[in-house]
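Visitor:
There are 2 protein chains.
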Amino acid sequence: MASGEFDVIAELRCRFPLVGDDAAVVPAPAGPLLLAADAVVEDVDFVLDPSGAGLEDAGYRAVAVNVSDVAAMGGRPFHLLVSIAAPEGVDVVRVVDGVEEAARAFGCEVAGGDLSATSGPLVVSIAITGTVADGGRPVRRSGARAGDGLFVTGPLGGAAAAWYRDRPSPRVAEGEAARLAGATSMIDVSDGLGADLGHLCDASGVGVDVDVDAVPLAAGATLAQALSGGDDYELLFTLPEGARPPAGSVRIGTIVTDRTHRPPSEGDGWQHRFS
Amino acid sequence: MASGEFDVIAELRCRFPLVGDDAAVVPAPAGPLLLAADAVVEDVDFVLDPSGAGLEDAGYRAVAVNVSDVAAMGGRPFHLLVSIAAPEGVDVVRVVDGVEEAARAFGCEVAGGDLSATSGPLVVSIAITGTVADGGRPVRRSGARAGDGLFVTGPLGGAAAAWYRDRPSPRVAEGEAARLAGATSMIDVSDGLGADLGHLCDASGVGVDVDVDAVPLAAGATLAQALSGGDDYELLFTLPEGARPPAGSVRIGTIVTDRTHRPPSEGDGWQHRFS
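So the protein lines, in turn, are chains A and B.
In terms of my numbering, the first sequence is numbered consecutively and its last residue is 1502.
In terms of my numbering, the second sequence is numbered consecutively and its last residue is 1502.
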């Protein structure tokens, strides 16, 4: 079915009641507003079958990685803005199906977006807004202090062991539980434990002693995959000594003053390269 | 200079203090929140010189088209989220230079974003938040009523006459003035007067009588270019009979009940095609 941009947009307006004006009008949250954006690119972040299988997964994935950014602040996803640059022949509506399914799964709403033609691979760029429930404060990367325990919400390395997961599962409930438990810092594991824990330590100006034997491994995953494989979307967070960790989280180390105590792998995780 | 994603991100953190966590934390506005997103794609929305000339313009353009969406609601731009998918060899920092220049020009702030590699053309996807000053209400497309006057903020067809403008000028002040004057509906002219006025009439459930002799033409532009050429970013708005139009705006018609009274050109303006 050939369809013009306006036809696709007309369909989006039917599905997403907020879409239709030059900008959507939504109520501002009572507390602070969280803002993030992440794009997924064909053949970099996902692959498509020649039949187009995977279009829904691409849309779902683009939402999920954004929701994970909000989860890592201890927040809840609120609204999504979806920009799709699609080559000729791609059924954009199937990408939107995946976006819609993920929006429903994670309790957020599509507020607007954009459709463009491109001569290149499919690019799904999503921006997300988030809120923090109950007047709470978002958890940043920069609050870890020496003596804090380091925790992870679940097993790592699963995505690397399976090359990648079609549908990442952001840990919204776990992030909120960590915030309510008194988390001093938090980050999602999108680039690998080594890289992301390094970001957390850098932002906080601290070092870390990781008990590698305590790192929970996903089924079939090696420690190396847990340390340097990305795309897991578990959350790393720190709690002051004595705070009660949320159910299901596992302590894997301790924050220390000495910044030369780095995560066990100094690998960069997955890093796109520009020249 | 070869630079990894993390190097570019480190530079962005220096430039944009809000960038650095998984999500930025910003104060929520007192009134409603405006949300929109628009992407620009190389060879569709802009062209690059083989030397890379135009990278800054691409970043500037991506911001400007988003700011125009907020202007069309009578709002003010607040924050930007910037996702860049760049092929190897593209100096992403120059794209960011253009984004930063536009952000400064239009009084908004970069709150986050994402950098991805792509095998295809450069894609700059921006999402924008906006506010409405003084506790006012955003102006939608859907509020035009029979008897309202139809106005445009300035001359049309200039972009079509020049093929396109490198740096569109969104009409933020004009949009706010139209809102304060009591505008009942508003839209920006991104796809051409015919197409965008058609959207406004459809959303409002009305028709329109346009006085084509009154349509202000940009220097060198024909009436056909004004009617069907896109990329002008002037604003179309309606005012109740008797309301005082803002300085500089030009009345070009009247809203009527009969929906079969369509804009003078039924052209679709510029429409990307998907199959």
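Beta carbons: idealized from backbone N, C-alpha and C, even for Gly.
(1) Under 9 angstroms, do residue 1438 of chain B and residue 1482 of chain B count as touching if we go by C-beta distance?
(2) Measure the C-alpha to C-alpha separation of residue 1499 of chain A and residue 1343 of chain B and round it to an integer number of angstroms.
(3) Could you tell me how far apart the beta carbons of residue 1350 of chain B and residue 1266 of chain B are, in whole angstroms, since I believe they sit closer than 8 angstroms?
(4) For residue 1304 of chain A, write down the residues that DSSP places opposite it in a beta bridge.
(5) Using only CA atoms, which one of B:1356, B:1458, B:1249, B:1329 lies nearest to residue 1300 of chain A?
(6) On the CB-based measure, 16 or more other CB atoms within 10 Å of its CB, does residue 1375 of chain B come out buried or exposed?
(7) What are the residues in the stretch 1327-1341 of chain A lying within 8 angstroms of chain B by C-beta distance?
(8) At the level of alpha carbons, what is the spacing between residue 1423 of chain A and residue 1257 of chain A?
(9) At a CB-CB cut-off below 9 angstroms, which residues of chain B make contact with residue 1397 of chain A?
(10) Taking 9 angstroms as the threshold (beta carbon to beta carbon), is residue 1241 of chain A in contact with chain B?
(11) Name the chain B residues that come within less than 9 angstroms of residue 1310 of chain A, Cβ to Cβ?
(12) With distances taken Cα to Cα, identify the nearest neighbour of residue 1442 of chain B among B:1464, B:1475, B:1453.
(13) Give the interface partners of residue 1411 of chain A over in chain B, defined as CB-CB distance under 9 angstroms, in chain order.
(14) Do the stretch 1318-1327 of chain A and the stretch 1284-1298 of chain A make contact, defined as three or more Cβ pairs closer than 8 angstroms?
(15) Along the stretch 1364-1385 of chain A, where does the CB come closer than 7 angstroms to a CB of chain B? Name the residues.
(16) Do you know offhand how far residue 1459 of chain B's Cα is from residue 1385 of chain A's?
(17) Tell me whether residue 1278 of chain A is buried or exposed, calling it buried when 16 or more other Cβ atoms sit within 10 Å of its Cβ.
(18) Going by DSSP in three states, residue 1245 of chain A sits in which element: helix, strand or coil?
(19) According to the neighbour-count rule (16 or more other Cβ atoms, all chains shown, within 10 Å of its Cβ), is residue 1446 of chain B buried or exposed?
(20) With C-beta atoms as the reference, is residue 1346 of chain A less than 9 angstroms away from residue 1348 of chain B?
(21) Strictly below 7 angstroms CB to CB, what residues from chain B border residue 1306 of chain A?
(22) Quick one: using the 10 Å Cβ neighbour count with 16 as the cut-off for buried, is residue 1244 of chain A buried or exposed?
(23) Is it the case that the Cβ atoms of residue 1398 of chain A and residue 1462 of chain A are separated by a distance below 9 angstroms?
(24) Would residue 1449 of chain A pass as an interface residue toward chain B - the criterion being a Cβ-Cβ separation below 9 angstroms?
(25) What's the C-alpha gap between residue 1234 of chain B and residue 1241 of chain B?
(26) Please report whether the beta-carbon of residue 1302 of chain A lies at a distance below 9 angstroms from any beta-carbon of chain B.
(27) Go ahead and label residue 1485 of chain B buried or exposed: buried means 16 or more other beta carbons lie within 10 angstroms of its beta carbon, across all protein chains shown.
(28) Taking only the alpha-carbon atoms, compute the straight-line gap between residue 1448 of chain B and residue 1378 of chain B and give it to the nearest angstrom.
(29) Considering just the uninterrupted stretch of the alpha helix (DSSP H) at residue 1436 of chain A, what are its terminal residues?
(30) Between the Cα of residue 1487 of chain B and those of B:1339, B:1429, B:1315, spot the shortest distance and give me the residue it belongs to.
Guide: With the given structure in hand:
(1) no
(2) Here residue 1499 of chain A scores only 45 on pLDDT, less than 50, and its place in the model should not be relied on; the value that follows carries that caveat. Whole-angstrom Cα-Cα distance: 6 angstroms.
(3) 6 angstroms
(4) A:1357
(5) B:1249
(6) buried
(7) 1338, 1339, 1340, 1341
(8) 30 angstroms
(9) Correct list: empty, because the minimum Cβ distance to chain B is about 11 angstroms.
(10) no
(11) 1264, 1265, 1266, 1310, 1350, 1352, 1353, 1354
(12) B:1453
(13) Ordered by position in chain B, no residue passes the 9 angstroms Cβ test against residue 1411 of chain A, which lies about 13 angstroms from the chain.
(14) yes
(15) 1365, 1367, 1368
(16) 50 angstroms
(17) exposed
(18) coil
(19) exposed
(20) yes
(21) 1262
(22) exposed
(23) yes
(24) no
(25) 11 angstroms
(26) yes
(27) exposed
(28) 19 angstroms
(29) From DSSP, residue 1436 of chain A is part of no alpha helix (DSSP H) but of the beta strand (DSSP E) over 1434-1437.
(30) B:1429
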